[in-house]
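The letter at position 48 of the sequence shown is residue 47 when you use numbering that gives the first Met the number 0, and the numbering goes up by one with no holes.
Structure first, then comments.
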Amino acid sequence: MFEIWETSEPARLISDAGSLKVALEKVDTMCRLRHDQAVAHVGETREGYHFEIRDHDGKALARLSYVPDTTRAYQSVVVDEMRAEDPQR
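Spelled out as structure tokens, the structure:
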């Protein structure tokens with residue numbers, strides 16, 4: 000079990016996931032949402048957003064800082080290699 004946290008102030012639990020692949024997809028979805036909000040000028044304007052994927056003990060396994068670039072279309076923050084089931088492929 001993994002937890003996805005947005006650690007920008009105030010920190011909040013976004014969701015949980017049964018696998019790392021699903022956790023990465025959920026972080027990507029949150030970054031897409033933040034990008035879309037920035038483009039639409041919805042909500043607070045921040046310099047960036049911070050996310051963590053944590054294990055069941057609360058230990059951070061991955062961290063991501065994301066700054067929306069509203070001058071271009073959203074590009075996934077999760078590279079194909081991270082989505083692969085077998086990292087050797």
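No residue lacks a Cβ here, since even glycine has one placed at the ideal position from N, Cα and C.
A quick note: this is a predicted structure, and the numbers were derived from the prediction, not measured.
From the DSSP output, read off the bridge partner residues of residue i.
i   : result
E5  : R11, F50
R62 : E51
Please return the same chain residues whose Cβ sits closer than 6 Å to the Cβ of residue i, not counting the five positions on each side in sequence.
i   : result
P67 : R33, H34, A37
Y73 : R31, H34
E5  : R11, I13, F50
L60 : I52, D54
Taking all protein chains shown into account, decide if residue i is buried (16 or more other Cβ within 10 angstroms of its Cβ) or exposed.
i   : result
D27 : buried
R53 : buried
Starting from residue i, follow the beta strand (DSSP E) in both directions and report where the run begins and ends.
i   : result
A92 : Missing from the structure shown is residue 92; the chain here goes from 0 to 88 and no further.
R31 : Looking at the DSSP string, R31 is not in any beta strand (DSSP E); the run it does join, the alpha helix (DSSP H), is 19-39.
Note down, in chain order, each residue of its chain lying with its Cβ closer than 7 Å to the Cβ of residue i, except the 5 sequence neighbours on either side.
i   : result
A16 : F1, I3, A22, K25
Spatial neighbours of residue i within its chain, please: CB distance less than 8 Å, with the 5 preceding and 5 following residues excluded, ordered by chain position.
i   : result
G42 : Q36
Q87 : Residue placement at Q87 is flagged as unreliable, the pLDDT there being 41, under the threshold of 50; a coordinate-derived value is accordingly withheld.
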